[in-house]
Structures are given as structure tokens and as C-alpha cells.
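Chemist: Numbering (the numbering used here), first residue to last: 865 to 1134.
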């Protein structure tokens, strides 16, 4: 069936697709699961809005689905293209634009669904920021029943019980390991701080630098220099094993004209 499926291009087409998928579910549960799995693995916008918990968020004023909007469709398409083509990228959109939701959280989950042997590092200027992003992934993989049903080949039904049985690592501090086919020293998802103390002995296919600068690290020329040095050292941890080339996602609003965000913006706009 997957050969006949196509990715919608507009919101109206997504609505039509969903109506069709519901009719498939009435006819055949197994076909419905096949369709849902295919779209979830091949369409980030579908994964977020029809499988992910974030797709249930409602706009506080308009009472419509928050992420079901053309601006988010464009964000999803852009992120999907970068993932599919192993492209490093920068996003400096305004705060509260959900860029971390699309890139750091669901972009990471999408890559893991398609390649559970992947290792993804999430780094922030402070560990607490990175842990916040890690916890959103952890909670989704623990509580999203539909996600676990559709991708039982990748996601543990009860990851905390699997960890107790020694089948995986499942901890916001130590990392999250999905069902793998190879042994790797790094977990599927890990997190940490990169500023002033770059982790050693790690190798990631993908690195997210999210919340990679704030006011505290751009307050002086010395701290800015240290920020850039730490960032460059952390980039060296990207040593891809299961993807064609390293992927570096940098996601941050602008804090200083000499900060990381401005530098990456200038680099990627060319």
C-alpha cells in the first residue's frame, strides 16, 4: 500500500487524508496501522499532528489546533528536508514558535523511528536546559500509547520495566535507549551542557544545540570567546555511525550580535 501513498501539500489535503484514513480503519485495522506507520515515518507534520501529543494542543484564543497551521507546515517541511538530506541547519525563530518541538523533540523522534541505532545528543549552555528537552522526549515515549502501538519494533511498551530487566537504559540523566540492532556506547538520546565543559568519549550521529546561549554567556568578550570555543569542541563529538554524515541542528533566538545564534545565522543564510 505504501507505494500508493503520497504526502499532502496543503492543510485541506491533510484533512482529506485523515478522513480517508478513518475510513480505512473501519474497513481494516491492519491496513490502518500500515498507513499510520508509513505516514508517521515519512511525514513530520503528520507525525506531530496525528500521532504526537503536541498535535492535541489548542490555541487559547481561537480554539483551533495550535500546530495545524501553514506556518508549522512550512517548519515541518523544512525540518523534514534537512533530516532527509542530512543537512545541518539553524533556526532563530522567535520564542514560543515551537521550533524546539518540531526540531529537537519530534525531529529526533522521527530519526529514531527510521533508524533506532542512531545516537542523538542534545546540548545546551546549561544542563538543566538540555534536560528539559530530554524530558519532553522521555515523557512522549513513555505515555503516548498510539506511538508505542504503531512502532512496537522500536519503542518499548514499558521502558522503565525494560530498564529494570536490564534490556535498556532509561533515565533522563543517563540517556534513553530504544530497541537497537547494534551495540553502541552512546544511548539513542543523551543530553548535557557544552559551555565550559565539553563531554568526552562520546560520538553522535546528530547533535542538537538548543538553548545554546543566553544572557549569562554573552555578557563579556571573554565569555563570548569561551562560548564559541566550547561550541566548536562539542561539534567534534559528531562522529556519525549510521547516517551518511553528521547533522548539527542549532536552535536559539538571538541574544548578542557576536553570539552563536548570529554566527550560525550568517553561516547558513549563504
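Idealized CB from N, CA, C, for every residue including glycine. This one's a predicted model, so the numbers in the text were calculated from it and none came from an experiment.
Excluding five sequence neighbours on each side, which residues of the same chain lie with their C-beta closer than 6 Å to the C-beta of residue 901?
Modeler: For the purposes of this step, residue 901 is identified with residue 37 of the chain shown, where counting begins at 1. Closer than 6 Å at the Cβ level, and outside the excluded window around residue 901, lie 1014.
Chemist: How is residue 948 classed by DSSP in three states: helix, strand or coil?
Modeler: Taking the chain shown and counting its residues from 1, the one referred to as residue 948 is at position 84. Reduced to three states, the DSSP call for residue 948 is helix.
Chemist: Could you check how far apart the C-beta atoms of residue 812 and residue 940 are, in whole angstroms? I think they sit under 8 Å.
Modeler: Outside the displayed span of the chain (865 to 1134) sits residue 812, for which this structure offers no information.
Chemist: Quick check: what's the CA-CA separation for residue 1119 versus residue 945?
Modeler: Residue numbering aside, residue 1119 sits at position 255 when the chain shown is read from its first letter. Residue numbering aside, residue 945 sits at position 81 when the chain shown is read from its first letter. Approximately 27 Å between the Cα atoms of the pair.
Chemist: Compute the Euclidean distance between the alpha carbons of residue 1076 and residue 999, then round it to the nearest angstrom.
Modeler: Position 212 of the chain shown, counted from the first residue, corresponds to residue 1076. Position 135 of the chain shown, counted from the first residue, corresponds to residue 999. Going from the Cα of residue 1076 to the Cα of residue 999 covers about 17 Å.
Chemist: At a cut of 8 Å, does the region 1079-1094 reach the region 928-938 through at least three beta carbon pairs?
Modeler: In short, these stretches do not touch, since the Cβ pair count stays below three.
Chemist: What is the DSSP secondary structure of residue 1119, reduced to helix, strand or coil?
Modeler: As a first step, residue 1119 is located in the chain shown; it is residue number 255 there, counting from the start. Reduced to three states, the DSSP call for residue 1119 is coil.
Chemist: Do three or more CB pairs link the region 978-988 to the region 1048-1057 at distances below 8 Å?
Modeler: Touching, yes, given that three or more Cβ pairs across the two stretches are closer than 8 Å.
Chemist: Taking the C-alpha atoms as reference points, what is the distance between residue 1005 and residue 1017?
Modeler: Within the chain shown, numbered from 1, the residue matching residue 1005 stands at position 141. Within the chain shown, numbered from 1, the residue matching residue 1017 stands at position 153. Residue 1005 and residue 1017: Cα-Cα distance of roughly 13 Å.
Chemist: If you draw a straight line from the alpha carbon of residue 1066 to that of residue 1047, how long is it in whole angstroms?
Modeler: Here residue 1066 corresponds to residue number 202 of the chain shown, with the count starting at 1. Here residue 1047 corresponds to residue number 183 of the chain shown, with the count starting at 1. Roughly 14 Å separates the two Cα atoms.
Chemist: Nearest by alpha-carbon distance to residue 1128: which of 1096, 1106, 1044 is it?
Modeler: Locating residue 1128 in the chain shown gives position 264, counting from the first residue. Taking only the C-alpha atoms, the option nearest residue 1128 is 1096.
Chemist: Assuming residue 1033 and residue 1070 make a contact with CB atoms under 8 Å, what is their CB distance in whole Å?
Modeler: Residue 1033 sits at position 169 when you count from the first residue of the chain shown. Residue 1070 sits at position 206 when you count from the first residue of the chain shown. About 18 Å; that fails the 8 Å criterion.
Chemist: Looking at residue 1115: is its Cβ nearer than 9 Å to the Cβ of residue 1074?
Modeler: As a working note, residue 1115 is residue 251 in the chain shown. As a working note, residue 1074 is residue 210 in the chain shown. Against a cut-off of 9 Å, the Cβ pair of residue 1074 and residue 1115 comes out as a contact.
Chemist: Can the beta-carbon of residue 1001 be found closer than 9 Å to that of residue 1040?
Modeler: Within the chain shown, residue 1001 is the residue found at index 137, counting from 1. Within the chain shown, residue 1040 is the residue found at index 176, counting from 1. In contact: residue 1001 and residue 1040 (Cβ atoms closer than 9 Å).
Chemist: Evaluate contact between the region 898-917 and the region 869-887, counting only Cβ atoms and requiring at least three cross-stretch pairs below 8 Å.
Modeler: With the cut-off at 8 Å, the region 898-917 and the region 869-887 touch.
Chemist: What first and last residue would you give for the beta strand (DSSP E) that runs through residue 885?
Modeler: Here residue 885 refers to the residue found at position 21 when the chain shown is read from its first residue. Premise fails: residue 885 lies in the alpha helix (DSSP H), 875-891, not in any beta strand (DSSP E).
Chemist: Please confirm whether residue 1050 and residue 983 have their CB atoms less than 9 Å apart.
Modeler: Start at 1 with the first residue of the chain shown, and residue 1050 comes out as number 186. Start at 1 with the first residue of the chain shown, and residue 983 comes out as number 119. Yes, the pair counts as a contact, with Cβ atoms nearer than the cut-off.
Chemist: Helix, strand or coil for residue 1007, going by three-state DSSP, please let me know.
Modeler: Residue numbering aside, residue 1007 sits at position 143 when the chain shown is read from its first letter. Helix at residue 1007.
Chemist: With 16 other CB atoms within 10 Å as the buried threshold, where does residue 1030 fall?
Modeler: Working through the chain shown from its first residue, we reach residue 1030 at position 166. It is exposed - the Cβ of residue 1030 has fewer than 16 other Cβ atoms within 10 Å.
Chemist: Report yes if the CB atom of residue 871 is closer than 9 Å to the CB atom of residue 911, and no otherwise.
Modeler: If you number the chain shown from 1, residue 871 lands on position 7. If you number the chain shown from 1, residue 911 lands on position 47. Against a cut-off of 9 Å, the Cβ pair of residue 911 and residue 871 comes out as no contact.
Chemist: What are the boundary residues of the alpha helix (DSSP H) that residue 1092 is part of?
Modeler: Locating residue 1092 in the chain shown gives position 228, where the first residue counts as 1. 1085-1099 is the span of the alpha helix (DSSP H), which, as asked, contains residue 1092.
Chemist: Just the Cα atoms here: how many angstroms apart are residue 1083 and residue 1103?
Modeler: Residue 1083 sits at position 219 when you count from the first residue of the chain shown. Residue 1103 sits at position 239 when you count from the first residue of the chain shown. In a straight line, the C-alpha of residue 1083 is about 32 Å away from that of residue 1103.
Chemist: For residue 1106, I'd like the list of residues in its chain whose CB is within less than 7 Å of its CB, leaving aside the five on either flank, ordered along the chain.
Modeler: By 1-based counting over the chain shown, the position of residue 1106 is 242. If we look at residue 1106 and ignore the five residues flanking it on each side, its Cβ neighbours are 979, 981, 982, 1069.
Chemist: Going by the beta-carbon positions, is the gap between residue 954 and residue 936 smaller than 9 Å?
Modeler: Counted from its first residue, the chain shown places residue 954 at position 90. Counted from its first residue, the chain shown places residue 936 at position 72. No, the pair does not count as a contact, with Cβ atoms beyond the cut-off.
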